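Numbering-wise (the numbering used here), the sequence shown opens with residue 282 and increments by one.
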Amino acid sequence: MNEPFNDDSLLHKFPKEVKHQDETFSLYMITDEFVFFLNLMESDDNGCTRMYDHDMNLVSNNYFATNEIAVLIHENQDAIRWVSDVAKYNMQQEGVWPEQNGLKI
């Protein structure tokens with residue numbers, strides 16, 4: 282079985298991290314429409330996530346971006362194309378990794 286959410290062909294299109302002020306945000310998830318970066322050192326939902334469109338235009342940098350990730354992993358996994366190891370771990374811990382739900386990718 283193929284590993285879910287591992288469309289590596291998308292990785293060359295986006296940076297592995299983005300910097301904003303003195304903070305570093307690591308690539309977390311790529312979907313059909315958006316690219317998400319997380320600052321793993323920040324625990325505030327209002328500042329830990331940056332959401333860009335595929336042209337790398339900032340869409341959200343607050344809790345709306347964090348909330349969109351939650352919606353994707355719980356309600357719209359079909360839109361997810363790639364996830365980082367951290368995202369995979371988080372999804373497994375929440376019990377929403379496809380193999381845990383009996384889904385076959």
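Glycine included, each C-beta is placed from N, C-alpha and C at the ideal position. Source: prediction; values computed, not measured.
Cβ neighbours of F306 within its own chain (closer than 7 Å, five residues either side excluded): E298, V299, F318, L319, N320, R331. If only complete runs of 3 or more residues are kept, the segment 304 to 364 shows the beta strand (DSSP E) at 304 to 312, 315 to 319, 330 to 334, 339 to 341, 361 to 364, in order along the chain. Per DSSP, V367 lies in no beta strand (DSSP E) segment; the continuous alpha helix (DSSP H) that holds it begins and ends at 366 to 375. Looking at the DSSP output, E298 bridges to S307.
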